[in-house]
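Encoded as structure tokens, the structure appears first; notes follow it.
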Amino acid sequence: MTSGNVMPKTKTCNELLSLFSKLNRTERAWVLYADMFRLKIKSSVKEFLGFMEILGIKPTVVTYSTIIHGFCLRGRVGGAHMIFSAMKGRAVQPDSYTAFGYSDEMVKKGIMPTVSSYNLLIHELFMEARASEADCMVREMEEKGMVPDAITYNILINGYCRSGNAKKAFILCDEVLRKGIEPTKETYTSLIYVLSKRKGMNEADDLLEKILRKGVLADLVMLNALIDGHCANGNMERAFSLLREMDKMKVHPDEVTYNTLMQGRCRAGKVEEARELLDEMKRRGIKPDYISYNTLISGHNKRGDMNDAFKV
DNA sequence: ATAGGGTTAG
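Those letters in the first sequence? Residues 267 to 578, per our numbering, in order.
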């Protein structure tokens, strides 16, 4: 639990604790020993499964999903894919990872991928920019009679938005609505983000209005993305009117909001006005970060007034 | 029980 660079989440800890509480004293000693031991060796997952086996605790699909997640977080993508293949009963290369049950033995033990396991892998494929394979995964799920859930769709929509494929993202959003799944505010943020990046500011504004009408509360990240779109397209008036709307909606702007606005003003050659925003954010108790200063310094630099750049 | 989620510079 303590090894590695990934902090366990509360729920994970609860899981381990509940596991722990089911053990007798000797077994607890073994687990503690295992944990201590894991700090000194690399193959912690193998060890963990090994001790589980010794203790007669059978891993479930959740155990393996948790392991897949851990591998993804640590960038051990190959391992993640292999465990998933093993869950599907596909023969995997008999190497060190298969030693403790990552093999087609899993199917015999009744370990089959769930929607959650698929979601893990679909997300991983998007992180690796392997969108078409992610699509195949969804089809594979559906062929097996599994139903993609809201999380599956959020992964897909966000993935396509990040790669700039707005069309595909909107098609998926329609599909979600058709299926009666309620998109979340994060889904809409992804869509506003992609519209803003693709200069579709009218559509982005319309979408925000539609969302608000639906009763979904606008939030900071969503509005920041929209403000950035307007700044990038030189519509500073609209950007600032959104800032005022934020205040009205009691959504408190943060350093990202102000950095975005400062950048917009710098881009328009209004470095002094951008500098005023630095004071304004300080007055409002928002702490400028390194991006705030970089933005102003490079704004001055572009104009060649190095003295002012140093004053920032 | 495990899984997803967003914004700013260069």
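We put the beta carbon where it would ideally sit given N, CA and C, even for glycine. Note that the structure is a prediction, hence the values are computed from the model and not measured.
Task: Span separating the alpha-carbon of residue 391 from that of residue 451 - done: Mapped onto the first sequence, residue 391 falls at position 125. Mapped onto the first sequence, residue 451 falls at position 185. Those two C-alpha atoms are separated by around 23 Å.
Task: Burial state of residue 304 (16 or more Cβ within 10 Å) - done: Within the first sequence, numbered from 1, the residue matching residue 304 stands at position 38. Its pLDDT being 45, under 50, residue 304 is placed unreliably in this model, and the value from its coordinates should be taken loosely. Result: buried.
TODO: Keeping to the same chain, check which residues put their C-beta closer than 7 Å to that of residue 419; ignore five residues upstream and five downstream.
DONE: For the purposes of this step, residue 419 is taken as the residue at position 153 of the first sequence. Cβ neighbours of residue 419 beyond the five flanking positions: 438, 442 and 447.
Open item on the list: For residue 537, count the other beta carbons within 10 Å of its own beta carbon; 16 or more makes it buried, fewer makes it exposed. Which is it?
Closed with: Counting from 1 along the first sequence, the entry for residue 537 is found at position 271. Looking at its Cβ environment, which holds 16 or more other Cβ atoms inside 10 Å, residue 537 is buried.
Open item on the list: Three or more C-beta pairs under 8 Å: does that hold for the segment 494-502 against the segment 512-519?
Closed with: no
Open item on the list: Can you list, in chain order, the residues of its chain with a C-beta nearer than 6 Å to that of residue 470? Leave out the 5 residues immediately preceding and following it.
Closed with: The sequence position of residue 470 within the first sequence is 204, counting from 1. Cβ neighbours of residue 470 beyond the five flanking positions: 458, 461, 462, 492 and 495.
TODO: Decide if residue 377 is buried, meaning its Cβ has at least 16 other Cβ atoms within 10 Å, or exposed.
DONE: Position 111 of the first sequence, counted from the first residue, corresponds to residue 377. Buried, by the Cβ-count rule.
- [ ] Express the C-alpha separation of residue 476 and residue 380 in angstroms, rounding to a whole number.
- [x] On the first sequence, position 114 is the one that residue 380 refers to. On the first sequence, position 210 is the one that residue 476 refers to. Roughly 34 Å separates the two Cα atoms.
Open item on the list: Once the 5 residues before and after residue 373 are set aside, which same chain residues still bring their CB inside 6 Å of it?
Closed with: Working through the first sequence from its first residue, we reach residue 373 at position 107. Around residue 373: 355.
- [ ] Can you grab the Cα-Cα spacing for the pair residue 530 / residue 555, in whole Å?
- [x] Start at 1 with the first residue of the first sequence, and residue 530 comes out as number 264. Start at 1 with the first residue of the first sequence, and residue 555 comes out as number 289. Going by the C-alpha atoms only, they are around 17 Å apart.
Open item on the list: Do residue 570 and residue 540 count as a contact pair if the criterion is CB distance below 9 Å?
Closed with: For the purposes of this step, residue 540 is identified with residue 274 of the first sequence, where counting begins at 1. For the purposes of this step, residue 570 is identified with residue 304 of the first sequence, where counting begins at 1. For residue 540 and residue 570, no; Cβs fall outside 9 Å.
TODO: Pull up the distance between the alpha-carbon of residue 502 and that of residue 576, whole angstroms please.
DONE: One-based indexing of the first sequence puts residue 502 at position 236. One-based indexing of the first sequence puts residue 576 at position 310. So the two alpha carbons sit approximately 26 Å from each other.
Task: Environment of residue 522 [buried if 16+ CB atoms lie within 10 Å] - done: What you label residue 522 is simply residue 256 of the first sequence in a count that begins at 1. The residue in question, residue 522, is buried, as its Cβ has 16 or more Cβ neighbours within 10 Å.
Open item on the list: Quick check: residue 327 and residue 353, are their CB atoms within less than 9 Å of each other?
Closed with: Locating residue 327 in the first sequence gives position 61, counting from the first residue. Locating residue 353 in the first sequence gives position 87, counting from the first residue. Yes. Within cutoff.
TODO: Could you tell me the boundaries of the alpha helix (DSSP H) in which residue 393 lies?
DONE: Translated into positions along the first sequence, residue 393 becomes position 127. Segment 381-393, the alpha helix (DSSP H) holding residue 393.
TODO: Count the other CB atoms, across all protein chains shown, that sit within 10 Å of the CB of residue 320; report buried if there are 16 or more and exposed otherwise.
DONE: In the first sequence, counting from the first residue as 1, residue 320 sits at position 54. Looking at its Cβ environment, which holds fewer than 16 other Cβ atoms inside 10 Å, residue 320 is exposed.
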